[in-house]
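K.L.:
Take a look at the following structure, please.
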Amino acid sequence: MTNHPTISLGISEDDLLNCTQCGTCLPVCPTYKIQPNETANPRGRLALMKATQDGILQMSDIASSLDMCLGCRACEVACPSGVNYGHILEQAKEAISSNTNYSMPVKIIRKVFMDTLLPHPKRMKWVKGGLRIYQKSGLQKIVRKSGILKVMPWHMDTFESVLPDVGPMFLHLPSNVTPELKEHSKEKPLIAFFTGCIQDAMFHETNRNTMKLLKASGYPVVVPDGQTCCGAIHAHAGEMDKAKKLAKKNIEMLERVKADYLVNNQGGCGAMMKEYDKLLEHDPQWAERAKEFVKKVKDINEILALVDELPDFKPIHEVITYQDSCHLLNVQGVKVQPRQLIHSIPGVQFEEMVSAGTCCGSAGTYNITHHEHSMEILDAKMLDVQATNATTVVTANPGCLLQMRIGIKRAGLEGKVRAVHIVDLLAEALKEDVKIN
Amino acid sequence: MLKQEIRKKLMEVVGPSWFLDKPHELVAYSYDATPMYQKMPDAVVLPETTEQVSKVMKIAAEYQIKVIPRGAATNLSGGTVPVEGGLVIGLNRMNKLLEIDQENLTATVQPGFVTADLHQAVEKLGLFYPPDPGSMKTSTLGGNIAEGAGGLRGLKYGVTKDYVIALEAVLPNGEIIHTGGKLAKDVAGYDLTKLLIGSEGTLAIITEATLKLLPLPETKKAVVAMFKSMTDAAKAVSKIIANRRIPVTLEFMDQGTIRVVEDYAKIGLPVEAVAILLMEQDGTPEQVNKDISIMAQTCKDEHAFEVKIAKDEAEGEQLMLARRTALTALARLKPTTILEDATVPRSEIANLVDHINKTAKKNNIQICTFGHAGDGNLHPTCLTDSRDKDEMERVEKAFDEIYEKTIELGGTITGEHGVGIAKAGYLEWKIGKEGIMLMKGIKKAFDPENLLNPGKLFTETTRPRRVIQK
Ligand SMILES: Cc1cc2nc3c(=O)[nH]c(=O)nc-3n(C[C@H](O)[C@H](O)[C@H](O)COP(=O)(O)OP(=O)(O)OC[C@H]3O[C@@H](n4cnc5c(N)ncnc54)[C@H](O)[C@@H]3O)c2cc1C
Ligand code: SF4
Ligand code: SF4
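Have a look at this one:
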């Protein structure tokens, strides 16, 4: 092997030895499906991390194999031996990122996204403002016509075409809503709404709809100040210190508002926040506070499934299918709730998709960093979508939603199939519109 | 690393992206599901067609490179570990279902096709491929055949070897042979098909297989019975069979296993039970109901303290899942899990389990036992830590004693996991010096230059037999 000194990955030996190499996780791994090569499956990745830990391989040897991993954590659910794949992967990535000298463009992107934008809600608003101007000023038309997007890096053309209409910049979420109490109904717990940094910039309407649904279901809602990015993108990129900082801010925020639940509508962010306890377990000052925090984090699907009386829905006569968000399914274990909620809309014909639980290839920034692999996974997914005859594909995470829209475009299904967030579907079905401000 | 000239030739055959020899790629092909064996190959190729396999084999023969065929590497005997280095041929890209012949009731597959995918494909058409090793969602049919894999349905339907009727294979000199056919009867010379089954990649590389199918049974049902004594459970097994009931599955788990499985799967197994029998019957609804009630009654007669009949197929599946995950659930407890594969005549099960428990206690190690009670195939599983040298010595000693007893009871050293490297030291115990000589002769006839999967089956160092202390 290469002659660089070895730097251990800092993963506990017991964690790595837990893997018995039984191979049970192989059939659920999306990257192994597109590349039947042992370096592209979880058993292989674990073996490579172990070999690096043991000094047989260098970090640079295994970076490509780990980079190809979607981090969807389907392997973790399949594993009967309880291997904490996600945790092990994050540790390995942390070691790799702190020992890697990224090339200049990559450095800039990492810096801009992770330090300059995501943690700052106000700056994210400016991003949104810029997008709004781009979309509304006629600039978008000119740019699209010019063909300039095709020659831009990072597959800008693909993403530009599926971005939602972001809505005016001055639109704010109300700081709180209070439902009118129906007779006999008990007072509901107070909900703090976690808006999400990307979600609120790009999918403001989905956030509004979330508040509407909560109000219609009888929950009082506050949108607390001081919330920040959940830190998922940082953690998955191995920037653990930054992720921890953000986690602490969010914990402080929830402690201030004293709400009963912290509700969000993004499978990825929810999963990250539900693992703050693991993230901060070795920090004596924060470990307990993180545990309390985690108990309160709920996905919107979980909260709505708890409601004894959902608001009245009008019929939607469509064939509908649901694509699981990996982190909602594999980390948060939320599987039946969204399906139940879709079923609760009259007129809907729900068709389960064969690969619903398999990653769509979006995986955070994977569809940018590993565009070809991502599209290969996506194209296979679209065949399964088509097999359901669905006209609406429902998701529960902004990344999956954008990816499904790219998939629809690639499969030539525009105008025939749409992709929506489950919250938007439910809001569309509301019999009576709900005013929130 | 292989010589540049050889690398170039191999890349020409399979294409550069399917020739692997970067350090991390070699590590990824250095192990299988067997604990404690690891060795790196010199290179890996992933061919897509029989012709490519044949060309690769010809290059290997020309340069005298050892070749290790590999499916999903789920075997438990070290069968795909490149103990002498060499070239791994991964068959995972040859993963097509070529044909389902509904008139002759056969399926023809490439070797990398996954076992459970075949189940799905044929069951859609009302057909049935019975062999179902615990690893079926991952294992390849080529691997099943080369290993002679068994499964949970073996008691009634037999094992992989009973379903393979034709093979295409590449010999160590690169020539392609065809054996058998879509035939119910065929006595044209030696039965080469059967010879290749269970040959563990030491005779030829299987590149295509035709498998026999059955009509899919209408329905199935499961029943579980919990016992306070191992002897009672074993008696129930013998009586069920003596009653002329042949269940599809008749699986057994001991107390240690029950506790771990319950902890993992949380399906309400009683942790105070000393033994559990999990039984399944399939067929027409009348036959199934009748057999299940006879089996349930037999267990009660033999003092089962609880007998539960699954209310539907889904609940039955859930119960069987418990058994399927037994091995890996056990693996959660300790860093190293050593799974053994002792098989005795059905009537000797209670004797063997008793001996296993005594041996474990004597050597101060932890062994949980589960397995296919119906066919006498037990999996005593040792939970240990390979870093603990002292304990590992005691583990080895215990298994020597267990195998000694197994043979004494008229049993065999492996029922379905194969010999590989893990059991090579025991093979002579079972088949004797004469048997070894004959098998080596067969190996030589196929592979005079010892290129295919060297270091497997045969060893220079047979384990010394210890005298059992009574
Ligand atoms: C959780 C678990 C449960 C299991 N349960 C069972 C069980 O119930 N019953 C049972 O019998 N086994 C069981 N096994 C063992 C194992 O799964 C089987 O032996 C299986 O048949 C191996 O298939 P594979 O594709 O992984 O083959 P591999 O492990 O890749 O190979 C097995 C052997 O076959 C050779 N080989 C592979 N493909 C070819 C080919 N195309 N041509 C020639 N030689 C080839 C290899 O060289 C090797 O010697 C279990 C294993 C695990 C991990
Ligand atoms: S990660 Fe789990 S399922 Fe995968 S090989 Fe290891 S033990 Fe088996
Ligand atoms: S996280 Fe997903 S992509 Fe990564 S190894 Fe596990 S299953 Fe495969």
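Residue numbers (our numbering), protein chains in the order written: chain A, -8 to 428; chain B, 34 to 503. The beta carbon of each residue, even a glycine, is placed where N, CA and C say it ideally should be.
1) Kindly indicate which three-state DSSP category residue 290 of chain A falls into: helix, strand or coil?
2) What three-state label does DSSP hand residue 351 of chain B in the structure shown?
3) Note the first and the last residue of the continuous alpha helix (DSSP H) segment covering residue 479 of chain B.
4) CB residue 314 of chain A to CB residue 414 of chain A, shorter than 8 Å?
5) Taking any Cβ of chain B, which residues in the segment 6 to 18 of chain A have a Cβ under 8 Å from it, in chain order?
6) Inspect the beta-carbon positions of residue 342 of chain A and residue 380 of chain A and report whether they are closer than 8 Å.
7) I'd like the list of long-range same chain contacts for residue 417 of chain A, defined as Cβ closer than 8 Å, with 5 residues on each side in sequence excluded.
8) On the three-pair Cβ rule with 8 Å, is the segment 159 to 176 of chain B touching the segment 107 to 122 of chain B?
9) Looking at C-alpha atoms only, which residue of B/196, B/290, B/267 is the closest neighbour of residue 283 of chain B?
10) Does residue 303 of chain B pass the burial test, meaning 16 or more other C-beta atoms within 10 Å, or should it be called exposed?
11) Fully enclosed by the segment 2 to 33 of chain A, which alpha helix (DSSP H) runs are 4 residues long or longer?
12) Under 7 Å Cβ-Cβ, which residues of chain A neighbour residue 58 of chain B?
13) Go ahead and pull the three-state DSSP assignment for residue 484 of chain B.
14) Between B/126, B/209, B/70, B/131, which has its C-alpha nearest residue 88 of chain B's C-alpha?
15) Taking the alpha carbon of residue 454 of chain B as the reference point, which residue from B/463, B/485, B/405, B/491 has its own alpha carbon closest?
16) Run down chain B in chain order and give the residues with a C-beta less than 9 Å from the C-beta of residue 33 of chain A.
17) Beta-carbon separation of residue 193 of chain B and residue 13 of chain A under 8 Å?
18) Quick one, are the C-beta atoms of residue 183 of chain A and residue 253 of chain A less than 8 Å apart?
19) Look up residue 313 of chain A in the DSSP assignment and give the residues it is bridged to.
20) Which residue's Cα is closest to the Cα of residue 436 of chain B: B/446, B/396, B/427?
21) Using 8 Å as the threshold, is the C-beta distance between residue 222 of chain A and residue 170 of chain A below it?
22) Does the segment 128 to 141 of chain B come within contact of the segment 398 to 417 of chain B, defined as at least 3 CB pairs closer than 8 Å?
23) Might you give, ordered along the chain, the residues of its own chain that have their beta carbon closer than 8 Å to the beta carbon of residue 217 of chain A, omitting 5 neighbours on each side?
24) Find the nearest neighbour of residue 43 of chain B within the set B/241, B/450, B/90, judged by alpha-carbon distance.
25) Say yes only if the C-beta of residue 351 of chain A is nearer than 7 Å to one or more non-hydrogen atoms of ligand 2, and no if none qualify.
26) Count the other CB atoms within 10 Å of the CB of residue 126 of chain B; is the residue buried (16 or more) or exposed (fewer)?
27) Counting contacts by CB-CB distance shorter than 8 Å, is residue 503 of chain B in contact with chain A?
28) Short of 6 Å in beta carbon distance, which residues of its chain neighbour residue 498 of chain A, apart from the five on each side in sequence? Order them along the chain.
29) Shorter than 8 Å from the beta carbon of residue 125 of chain B to some beta carbon of chain A?
30) Hey, is residue 166 of chain B close to ligand 1, as in C-beta under 7 Å from one of its heavy atoms?
31) Can you tell which of B/422, B/462, B/457, B/418 has its C-alpha closest to the C-alpha of residue 438 of chain B?
32) Pull up the CB-CB distance for residue 201 of chain B and residue 83 of chain B, whole angstroms please, since I reckon it's below 8 Å.
33) Please state whether the Cβ-Cβ distance between residue 360 of chain A and residue 57 of chain B is less than 8 Å.
34) Using CA atoms only, rank isn't needed, just tell me which of B/250, B/408, B/378, B/228 is closest to residue 237 of chain B.
35) Pick helix, strand or coil for residue 491 of chain B, following the three-state DSSP scheme.
36) Cα separation between residue 481 of chain B and residue 130 of chain B?
P.N.:
In short:
1) strand
2) helix
3) 460 to 479
4) no
5) 8, 9, 11, 12, 13, 14, 15, 17, 18
6) yes
7) 200, 204, 295, 304, 332, 336
8) yes
9) B/267
10) exposed
11) 4 to 8, 21 to 25
12) 30
13) coil
14) B/209
15) B/491
16) Chain B residues near residue 33 of chain A: none, gap ~11 Å exceeds 9 Å.
17) no
18) yes
19) A/385
20) B/446
21) no
22) no
23) 240, 243, 244, 247
24) B/90
25) no
26) buried
27) Because residue 503 of chain B sits at a pLDDT of 36, beneath the cut-off of 50, its placement in the model cannot be relied upon, and the point is left open.
28) The question about residue 498 of chain A has no answer, for chain A in this structure spans -8 to 428.
29) yes
30) yes
31) B/462
32) 6 Å
33) no
34) B/228
35) coil
36) 33 Å
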